[in-house]
Structures are given as C-alpha cells and as structure tokens.
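Asker: Those letters in the first sequence? Residues 228 to 720, by the working numbering.
Note that beta-carbon positions come from the ideal geometry of N, C-alpha and C, so glycine has one too.
Note that the structure is predicted; figures quoted are calculated from it, not measured.
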Amino acid sequence: MSQETVHELILRRHEKLKELYGRGVEPFGEKYSVSHQAQEILEHFEELEGKEVSVSGRIMTMRGHGKAGFANLQDESGQVQIYARLDDLGEEAYECYRLLDIGDIIGVKGKVFRTRKGEITVSITEFQLLSKSLRPLPEKWHGLKDVELRYRQRYLDLIVNPQVKKVFILRSRIIQSIRDFLNHQGYLEVETPTMHTITGGASARPFVTYHNTLEMNLYLRIATELHLKRLLVGGFDRVYELGRIFRNEGISTKHNPEFTSIEVYKANADYHDMMELTENLVAHAAEKVLGTLQITYQGKDMDLTPPWPRMTMLEAIKTYSDYDFSTITTDEECLKLARKHKLEVYNDTVRGEVINLFFEHFVERHLVQPIFIMDYPLEVSPLAKRKKDDPNFTYRFEAFMAGSEIANAFTELIDPIDQRERFKKQVEKREAGDEEAHMMDEDFITALEYGMPPAGGLGIGIDRLVMLLTDSPSIRDVLLFPTLRPREDTGGA
RNA sequence: GAGCCAUUAGCUCAGUUGGAAGAGCACCUGACUUUUAAUCAGGGUGUCCCAGGUUCGAGCCCUGGAUGGCUCACCA
C-alpha cells in the first residue's frame, strides 16, 4: 500500500467517516462499559437467555437482510453474533448501522437469544461506534497468509488468525509458570544492565552503541551471566533474570537478533542440581500450560517426564559416530580426523574444540527426546568449573530436544586465578581474530577474588522452549515482532 | 555470507507456447426483518515487486536489484 495513492476501498471509508460526522456521530469514541465478553455469553447462555448484555468488539463479518442484519463481533475472548433490526434500533440508528464496515469497533447492548439455526446471538437495541476502521481487513475465510505481511503487520495477523493469538497467550503463560516455579523455590528475580562496558558470559558478537555524555561505546548484553554471579558474591543465594539478550549474528528459523533468556544461579549447588532444576522447570511449564508431558513437535512425539537421560559428550560422540575420543588424545590426531570430515579447523585448533565440532556434526540432530549432554571440553567452556578427574573437561551440560539446544548450564568456575587464565586464553583467540571470544573482565575477576560461593548456573532459551511447547517451526512464530529489514512503502514497520 | 524458491486487485490465488490482465472474498448499486463462507441481479477497482534488455509484441524470456521464505554457514 503506497502512502500517496489512496485506494478506493480506503476512500469509501473516509467518505463514510464524513457522513458519520455529518450525522453527529463521533467515530472515535470513548470507553464503553461492557457486561460480558463474547465467550462468556456463549458459555453462560442458559443464565443469560432473554437478559440484556453489553459487549464490545471488532466487526468481523456482516450479513445484511434489508431492514435487518447480522454481524460477528470479535473481542479478545472470541466472537459472538449480533442481530440488528430496524424495528429495534429505530430509523436513525439503523441508518448509522448501515454505515458500519467490517473492521469497525463497536459497543452494543441487547438481549441474548438463539436463532432458528441455533446460534447464540445478541439482538441489539442500541450500539455505539467506538473506532472507525479506515482500511479493509484481510479476507475473512483465508485470513492473512503472506508471512511477510503477517510479521510486519502482526496486528492484522492477530485480528484475522485466531491460532496466532493462542501461541502468544501460551508464551505468556509459559513465562508466568517459570516465574511461579522459581519464586516458589525462593529464587529472587533481579534486573541487571542490558548495556555493558565489556561483553561477556557467552561467545557471540555484540551490538555496539554509543553513549554521548560518557563519550564511550556500550555493548548490548549477550548474556546475563557475569552480573548474576556478582550477585552471588554479594550474598544472594538464589537469583534469576528473565530478559532480552542481543547477539549480532545471523537470522534464521532458530535465531533472532534479540531473544529472551532466563539465567538461574543457585549457591551451594552443582550441575547435577541444575539438571534436576531444568527438567523439573520444563515439565512444570508443560504441565501447567499444556496439561501434559507428552508433546508433539513437528510430527515428533516427545516425553518430557523427568528424569531425562544423561550422557557425556564423549559417550554421545561414540554412540553416533563410532569415534572414541577417550583414546584420541593428541591435538594432531584430532586435527587430522576433523579435516577428514571437512570440519572447519585451523592449525591451532585443539582437541577440545574438535570434540565439540564432532558433537555438533555427528550428534546434535539425533537428539530428539530430551537429554542432557554432560562434560564439555574446557576450551569451549571458559566459565565452567574443571572436572576433578579430568581437567580437560568441565562440569557443564546442555539440554537438547528436537535436535535443538534449549539449556546450557554448569557448575560455576569460582576460582579467580583459573578464571583469569581462561579469560587470557579467550583474549588470545580474540586477538587472533575470533570476534566471538570472550573479553577480559577485570571487575568480574575482582568480584571472584572476594569469594563466590560454589554454585550451579543455568541458562534457558525461552523462545526455543516456547517453540517446542507450541509446536512452532520458526522462532518468528513465537516473537510478536521478529526482526525484519524495513520496507520503504510501509513507513518502515 | 552462499544456494534454491516466491512476489499478479485490499486479501487468497489462477494466468496454457510470448499474442486484448482473471476468479473468489472484500467493495459499490439494487432486492431481502432469524442469516452465518447468507442469497439473488448488476459493477473490475491493477506500477503483474523495481530497473534495464531481447522481441512486431513481455505477467511469461534474459541481466541486475529489492523484500520475504527455505536450506546451509554462524549461533542460542
């Protein structure tokens, strides 16, 4: 729709707008007091039959019959039919009724009855125009299918595609259930800065912005981890933050530049505790929101019932590729093997990194049922505690479902001296050109030097979890306004 | 970032071999006081995504671009 050329359909509505003004009707009205929502009228028909109700909503369909007419009114709860008769409304009001369009928001008052065909209907005695719609809605039968328009003009998607609204209601309930679950266990919800002077807590390229008065760059956070751990140093034993994270990476069906994560930290806990927390939290959300632990994602049945199986990364690689890295111990052997499988490695790529590559290449896509993959290599886990019996690995796990990572957690590294060494390694990688490598965070090390209690930490990708629980194939289906390039002709929506 | 695909009326979509731009819904006019994808009679409202090119002639073929989708890469 071009801004300059006014389409005939829009012109018509502006004409009707003028005529309404001419009749003394205010087309953009004030709040209307309603007695019921559409769905309530349908559900409580027995009590309401013959009684007067008031309801407001958007006109979705209209069927005229000369001196009477039917219309469907849609509010947040659903739709209810209304019936308008010349005899009941009077000449003047009925003329105004005939000036209404699909898309207009009106408030009506009238008696509840059931039509000959059995539909519960409000026979209106008066109505009020609450908001005149100046643009035509998408088609009533097929809805809005063009995915680009659905994302750019989500409000239209929500008006005409009722199943879309359900996804976002579920999303809200899932998040609510997670909060309830953690609050009930004594966790404190906190808020930490989204603008950081140093990025950290994850391997990712950040967004950069500029603060005028401070005359310096700030990074949008790529994780909440390092601030939450500072809070454990400060004496909070159980904290979580649920919020937006920003990563300057590619966009795909599983990635949006901004997404929602939850990170949870618990003092005097380890990654075994975090596994229990993860499976119980997900099961709780599914039970509360879906009422079941048996879910189907894109045709695959999954059982979320705890406990989920646990498997070490080396076991998993052995299971799915026949390579046993417990016997492949040198960087040279690993490099050779990686090159054989055309995995992206450099001359300085080490065993731990190769193991991670093999896991991603051979294993991940097979992990359909929920499972915990434990004991990640040291090199790819700069914030996790080293394993006592094998310092090349860490007490870290990720949870997988439907071939997708949904949680990442570890027994936290609390040794400031080891942490400094790990950061140094990351800084070396960064200086070698790895833009996703971590930065040295001196303040965080300082905090650790004051002493952080042993702790377990957990991060969950909320969008991924919502995708799984709502059977949505794309992350854009669970984001109200996914990131898109702007279009000139819609004013950059 | 790479490959493949899509873009035609407000919406959902047809459009044959390159030969006069179509349907349904929506909209407009008329009929109709319990319809419901209301029905009946009539009316087509368009930058065929954009810019070039080939051709007597392009929605269709070619080149470039835009936006989106999918797959891959990166990542969560």
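Using the C-alpha atoms, what's the distance from residue 363 back to residue 721?
Answerer: As displayed, the chain neither begins before 228 nor continues past 720, which places residue 721 out of reach and without an answer.
Asker: In whole angstroms, give me the CA-to-CA distance for residue 530 and residue 405.
Answerer: So the alpha carbons of these two residues sit roughly 19 Å apart.
Asker: I'd like to know whether the C-beta atoms of residue 538 and residue 532 end up nearer to each other than 9 Å.
Answerer: Not a contact, by the Cβ cut-off of 9 Å.
Asker: Can you give the Cα-Cα distance for residue 633 and residue 692, rounded to whole angstroms?
Answerer: C-alpha separation (whole angstroms): 6 Å.
Asker: Taking the runs of the alpha helix (DSSP H) that are 4 residues or longer, which of them lie wholly in the region 428 to 497?
Answerer: You should have 452 to 460.
Asker: Could you check whether the region 649 to 658 touches the region 409 to 421, counting it as contact only if at least three pairs of C-beta atoms, one from each stretch, sit closer than 8 Å?
Answerer: Not touching, per the Cβ criterion.
Asker: So the beta strand (DSSP E) residue 286 belongs to, where does it begin and stop?
Answerer: Start and end: 279 to 291.
Asker: What first and last residue would you give for the beta strand (DSSP E) that runs through residue 307?
Answerer: Note, residue 307: beta strand (DSSP E), 305 to 312.
Asker: Taking the alpha-carbon positions, what's the residue 483 to residue 695 distance?
Answerer: If I take the Cα positions, the gap works out to 16 Å.
Asker: Tell me whether the beta-carbon of residue 284 lies closer than 9 Å to the beta-carbon of residue 307.
Answerer: In contact: residue 284 and residue 307 (Cβ atoms closer than 9 Å).
Asker: State the Cα-Cα distance for the pair residue 719 and residue 258, rounded to the nearest angstrom.
Answerer: With a pLDDT of 34 at residue 719, under the threshold of 50, the modelled position of that residue is not reliable, and the figure given next carries that caveat. Taking the straight line joining both Cα atoms gives about 31 Å.
Asker: Looking at the unbroken alpha helix (DSSP H) that takes in residue 632, where does it start and where does it end?
Answerer: Element bounds for residue 632: not the alpha helix (DSSP H) but the beta strand (DSSP E), 631 to 638.
Asker: Closest by CA to residue 706, which one among 348, 398 and 272?
Answerer: Of the candidates 348, 398 and 272, the one whose C-alpha sits nearest the C-alpha of residue 706 is 398.
Asker: For the alpha helix (DSSP H) that residue 404 lies in, which residues bound it at each end?
Answerer: Looking at the DSSP string, the run of the alpha helix (DSSP H) that includes residue 404 is 389 to 411.
Asker: Take the Cβ of residue 443 as the centre, count every other Cβ of all protein chains shown within 10 Å, and call the residue buried at 16 or more, exposed below.
Answerer: Residue 443 is exposed by the Cβ-count criterion.
Asker: When we look at the beta-carbon of residue 495 and count the other beta-carbons within 10 Å, is it buried (16 or more) or exposed?
Answerer: Answer is exposed; the Cβ neighbour count stays below 16.
Asker: On the DSSP letters alone, give me the boundaries of the beta strand (DSSP E) that residue 686 sits inside.
Answerer: Looking at the DSSP string, the run of the beta strand (DSSP E) that includes residue 686 is 682 to 688.
Asker: So, is residue 699 buried or exposed, given that buried needs 16 or more other C-beta atoms within 10 angstroms?
Answerer: With 16 or more Cβ atoms within 10 Å of its Cβ, residue 699 is classed as buried.
Asker: So, is residue 437 buried or exposed, given that buried needs 16 or more other C-beta atoms within 10 angstroms?
Answerer: When all chains shown are included, residue 437 counts as exposed.
Asker: In three-state DSSP terms, what is residue 271?
Answerer: The answer is coil: DSSP assigns residue 271 none of H, G, I, E or B.
Asker: If you drop the 5 nearest sequence neighbours on each side, which residues of the same chain put their C-beta closer than 7 Å to that of residue 245?
Answerer: Answer for residue 245: no residue qualifies.
Asker: Is the separation between the beta-carbon of residue 602 and that of residue 624 shorter than 9 Å?
Answerer: Taking 9 Å as the Cβ cut-off, residue 602 and residue 624 qualify as a contacting pair.
Asker: Excluding the 5 residues preceding and the 5 following residue 266 in the sequence, name in chain order all residues of the same chain whose CB lies nearer than 7 Å to its CB.
Answerer: Same-chain partners within the cutoff: 304 and 305.
Asker: Helix, strand or coil: how does DSSP classify residue 239 here?
Answerer: Three-state DSSP puts residue 239 in a helix.
Asker: For a quick check, are the C-beta atoms of residue 604 and residue 653 less than 9 Å apart?
Answerer: No, the pair does not count as a contact, with Cβ atoms beyond the cut-off.
Asker: Evaluate the contact criterion for the region 451 to 470 versus the region 582 to 590: three or more CB pairs, one atom per stretch, below 8 Å.
Answerer: No, the region 451 to 470 is not in contact with the region 582 to 590.
Asker: Rounding to the nearest angstrom, what Cα-Cα distance links residue 617 and residue 599 in this structure?
Answerer: Whole-angstrom Cα-Cα distance: 19 Å.
Asker: Rounded to whole angstroms, what is the Cα-Cα separation between residue 704 and residue 458?
Answerer: Cα to Cα, the separation comes out at about 34 Å.
Asker: Could you please give the first and the last residue of the uninterrupted beta strand (DSSP E) stretch that includes residue 527?
Answerer: First-last of the beta strand (DSSP E) with residue 527: 527 to 530.
Asker: Compare the Cα-Cα distances from residue 479 to each of 323, 239 and 709 and report the closest residue.
Answerer: Among 323, 239 and 709, the Cα nearest to that of residue 479 is on 709.
Asker: Where does residue 595 fall in DSSP's three states?
Answerer: In the structure shown, residue 595 sits in coil (DSSP, three-state: anything other than H, G, I, E or B).
Asker: Throw me the rounded Cβ distance for the residue 335 and residue 276 pair, which I believe falls under 8 Å.
Answerer: With a Cβ gap of about 17 Å, residue 335 and residue 276 do not count as contacting.
Asker: For the alpha helix (DSSP H) containing residue 170, name the first residue and the last one.
Answerer: Because the chain is modelled from 228 through 720, residue 170 falls outside the range shown and cannot be assessed.
Asker: Start and end of the alpha helix (DSSP H) containing residue 562?
Answerer: Looking at the DSSP string, the run of the alpha helix (DSSP H) that includes residue 562 is 558 to 567.
Asker: Within the continuous alpha helix (DSSP H) that includes residue 374, where are the two ends?
Answerer: Residue 374 -> alpha helix (DSSP H) spans 374 to 379.
Asker: Assign residue 423 to one of three DSSP states: helix, strand, or coil.
Answerer: Of the three classes helix, strand and coil, the one that applies to residue 423 here is strand, per DSSP.
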